[in-house]
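Below is one structure, written out as structure tokens; comments come after it.
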Amino acid sequence: MKMQDLSSQIKNTRRESPRQYDDGFAVSRASLSQLARLNWTSPVYSKPFTRSTLKAIQNVLAEDSAHLELPEWDSIDKKRSAAVLIPFCNVLEKPGILLQVRARALRSHSGEVSFPGGRVDELLDSSLLDTAFRETSEEMNISVDRLELLGSVGPPERSLHGHTVWPFVGFVHANANTNRLSADSDEPLPSIDLSAMKRTVSQDEVAAIFHLPLMELASPSRRRRYLFRNERPYWAVEVSDLVTAEDGSQFISSSVEESMEDEVGSGREGRLEVWGLTGWYLGLLSDKLDMLNTLESGADL
Numbered sequence: 001m002k003m004q005d006l007s008s009q010i011k012n013t014r015r016e017s018p019r020q021y022d023d024g025f026a027v028s029r030a031s032l033s034q035l036a037r038l039n040w041t042s043p044v045y046s047k048p049f050t051r052s053t054l055k056a057i058q059n060v061l062a063e064d065s066a067h068l069e070l071p072e073w074d075s076i077d078k079k080r081s082a083a084v085l086i087p088f089c090n091v092l093e094k095p096g097i098l099l100q101v102r103a104r105a106l107r108s109h110s111g112e113v114s115f116p117g118g119r120v121d122e123l124l125d126s127s128l129l130d131t132a133f134r135e136t137s138e139e140m141n142i143s144v145d146r147l148e149l150l151g152s153v154g155p156p157e158r159s160l161h162g163h164t165v166w167p168f169v170g171f172v173h174a175n176a177n178t179n180r181l182s183a184d185s186d187e188p189l190p191s192i193d194l195s196a197m198k199r200t201v202s203q204d205e206v207a208a209i210f211h212l213p214l215m216e217l218a219s220p221s222r223r224r225r226y227l228f229r230n231e232r233p234y235w236a237v238e239v240s241d242l243v244t245a246e247d248g249s250q251f252i253s254s255s256v257e258e259s260m261e262d263e264v265g266s267g268r269e270g271r272l273e274v275w276g277l278t279g280w281y282l283g284l285l286s287d288k289l290d291m292l293n294t295l296e297s298g299a300d301l
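If you're matching positions, the sequence shown starts at 1 in full-length UniProt numbering and goes up one per residue.
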């Protein structure tokens, strides 16, 4: 599929108006019904990202976020600002999203799923994007020249610690050279070596990194409805079976029940989930790109 056709297909597919269901969740009728009718065996779920599909995503995010302009660097409260990166990637020629489990030694949200990111460093950063890329590089040991900006989603949320968290969307290349391929190339972009990356992450900050394939993200068996901050519906995604430690053991949530903060989130006891603020931002991105509808209709994502 040509890049311009894919861009149009993503832009022309939009959610229906929310409807209040009997259980109290205000959810989109389209997002519920499409889960039941998707063809989960479709080969579209295993097609790796190409330069053309990355360009299509850039175009859609640029158009949709035109009203979400980033503030001037000098105008933000740098002591109360943070940024994260939602990193797309290919792993074993499967498209998906790179996530991490925070190290147990961290003071906040230890052992929980998150995107790479953190607070602004006034000495090292000159923009919010610098923050997102620097933190990703430090936590996952990825050189910045392997990171490509695709856009941003929003609006940003204020964490319960008082930080405004800005989410950027990017792509992790296997090496810096693939970041400079032709924008119209339909050749699959090389996959990253996830096994090698697992051995070099910052152990002080990251317990594990893992790949969430788009096919698994869309699977209804992994998703459950939840309310962000007890008022806005989104899908939490179970990833327990996708995350393993170096010794081969699985990471399991030790929470007796879900944190009332609903900020990063480990999910239900005995399960590891993309939940809370991470799950909310993942849902925003899915909605912006109409990811599930796009996959259903056969676009090359």
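Just so you know, even glycine gets a beta-carbon here, dropped at the ideal spot from N, CA and C. This one's a predicted model, so the numbers in the text were calculated from it and none came from an experiment.
DSSP-derived helix/strand/coil call for residue i
i: residue 55; result: helix
i: residue 103; result: coil
i: residue 194; result: helix
i: residue 40; result: Caution is warranted here: a pLDDT of 41 is assigned to residue 40, below 50, making its placement in the model unreliable, and no coordinate value can be reported.
i: residue 220; result: helix
i: residue 94; result: strand
i: residue 243; result: coil
i: residue 63; result: helix
i: residue 200; result: coil
i: residue 70; result: coil
i: residue 282; result: helix
i: residue 227; result: strand
i: residue 290; result: coil
Pair within 9 angstroms by beta-carbon distance, residue i and residue j
i: residue 243; j: residue 208; result: yes
i: residue 140; j: residue 201; result: yes
i: residue 206; j: residue 103; result: yes
i: residue 274; j: residue 212; result: yes
i: residue 179; j: residue 158; result: no
i: residue 191; j: residue 61; result: no
i: residue 154; j: residue 228; result: no
i: residue 87; j: residue 162; result: no
Buried or exposed (CB count within 10 angstroms, at least 16 for buried), residue i
i: residue 96; result: buried
i: residue 37; result: Unreliable placement is indicated for residue 37, whose pLDDT of 40 sits below 50; the coordinate value is still reported in the next sentence. Per the 10 Å Cβ criterion, exposed.
i: residue 230; result: exposed
i: residue 281; result: buried
i: residue 288; result: buried
i: residue 177; result: exposed
i: residue 79; result: exposed
i: residue 143; result: exposed
i: residue 285; result: buried
i: residue 77; result: exposed
i: residue 58; result: buried
i: residue 152; result: buried
i: residue 199; result: exposed
i: residue 232; result: exposed
i: residue 135; result: buried
i: residue 216; result: buried
i: residue 125; result: buried
Residue span of the beta strand (DSSP E) that contains residue i, given as start and end
i: residue 85; result: 81 to 91
i: residue 235; result: 232 to 238
i: residue 212; result: 206 to 213
Check: What are the start and end residues of each continuous alpha helix (DSSP H) run of 4 or more residues lying completely inside the region 114 to 191, in chain order?
Finding: The qualifying runs are 128 to 140.
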